[in-house]
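So the structure is just underneath, and the comments pick up after that.
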Amino acid sequence: MRHTILSFITLAMAFIQNIAPGFAQELPQNEVLFKRIVSAQIYAGNLWIVEQENPPSVGAILAKLSPTYVSGLLCPDPDENLSSEQINAYHQIRELVLAAQPQCKFDLVLCPNLYKEPEDLIARMRYLNDMLHLDGWLLDFVPGTQKASAKLIEAAVAYAHSQNQFIGGNELNKSLLKMGDFVVLHDGQTIDLKFKEEILNLSKTFNIPILFQINTHSQRGADDTTHTFMKKWQTHQREEHLKRLARNQVSWRYHLMYPVFFPVYLNKNAYNASRDGMMLKSLLELMAQYN
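Each residue of the sequence shown is one higher than the one before, counting from 3 in the numbering used here.
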């Protein structure tokens, strides 16, 4: 098995060296894929993190939004097999959403810097694919851990594309910018004109779609954006923040990942837009106006 994976990686590296920059970004499904994105995480490892909900209710809520891309349902631990509960929840939610929006795609969150060798990462991706039949991947580069090597990222991108799957991530890694299908930025930094200029330069330089997400790497600090969004702000403050992010999509050239069951606080509790006053109605209105 290890020899087979090593052979695949060798072929993948040869493939990467011969493709033109921007190959992945030209995939025709991107225009549809990024039209209406929602962030929805139901598990952190094997822990269910959406209080007061279950797979049928999560699926019904997401279906109301008619998304074209649901990101982040599962974020499995790197050394554990998926439980039957995780697998069943994923498929049940997927079926409910697809019944309302047949074009919707689903990813899985993978942390590449938790793997040492490309063959280990590819073996994990193959296992997850067999269990879930994925449409794509979101590479989450965990803060505070060692950087993922270029070989890891290149192998992950090559494997995803060999399966006709999209792949992107939340770090401005050169390999990902050149060969991935998107990059994800977040509001963990000041959202000002300087940041807008950085986004526009990034889009122009690499010709890659940019997605924008609420920061989820909470450190429970007084100025932490996840803590502020979930614990300090009231509903109307969250609404105003999301209105501004939705309104800026065209001029700033990004696609907002609307937070439905996201962000996640201290890896234990997901924000739930459906139980935050009229937030779900506000999200629908923003999507109708800007997406």
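Glycine included, each C-beta is placed from N, C-alpha and C at the ideal position. Since the model is a prediction, treat every value here as computed from it, not as a measurement.
| Query | Result |
| --- | --- |
| Tell me whether Ala150 sits in a helix, a strand or coil according to DSSP, three-state version. | coil |
| For the beta strand (DSSP E) holding Ala42, just list the boundary residues, first then last. | 39-42 |
| Can you check whether the CB of Phe184 is closer than 7 Å to the CB of Ala213? | Just to set this straight, residue 213 is Leu in the shown sequence, not Ala. Cβ distance < 7 Å, so Leu213 and Phe184 count as in contact. |
| Can you find at least 3 beta carbon pairs, one from the stretch 173-188 and one from the stretch 155-163, that sit closer than 8 Å? | yes |
| Between the stretch 31-40 and the stretch 82-90, do at least 3 Cβ pairs fall closer than 8 Å? | no |
| Under 6 Å Cβ to Cβ from Gly24, same chain only, skipping five residues before and after it: list those, please. | The predicted model places Gly24 with a pLDDT of 38, which falls under 50 and marks its position as unreliable, so this point remains unresolved. |
| With DSSP run on the structure shown, which of helix, strand or coil describes Met259? | strand |
| Give me the Cα-Cα distance between Phe264 and Phe231, rounded to the nearest whole angstrom. | 10 Å |
| Ser68 by DSSP, collapsed to three states: which one? | coil |
| Within the same chain, show all residues whose beta-carbon is closer than 8 Å to that of Tyr45, passing over the 5 residues directly before and after it, in chain order. | Ile51, Leu75, Leu76, Cys77, Pro78, Gln88, Ala91 |
| Quick one: residues in its chain with C-beta nearer than 6 Å to the C-beta of Leu258, no 5 flanking neighbours on either side, listed in chain order? | Phe214, Leu247, Ala248, Gln251 |
| Answer yes or no: do Ser73 and Ser41 have a C-beta to C-beta separation smaller than 7 Å? | yes |
| Taking 8 Å as the cut-off, does the stretch 53-62 touch the stretch 94-102 (at least 3 CB pairs, one atom from each stretch)? | yes |
| I need the boundaries of the alpha helix (DSSP H) containing Phe208, first residue and last residue. | 195-208 |
| So which of Lys66, Glu200, Asp137 has the shortest CA-CA distance to His163? | Asp137 |
| For Lys198, which residues in the same chain have their Cβ closer than 6 Å to its Cβ, ignoring the five residues on either side in sequence? | Trp254 |
| Could you check which residue in Gln43, Met289, Val266 has the C-alpha nearest to that of Thr227? | Val266 |
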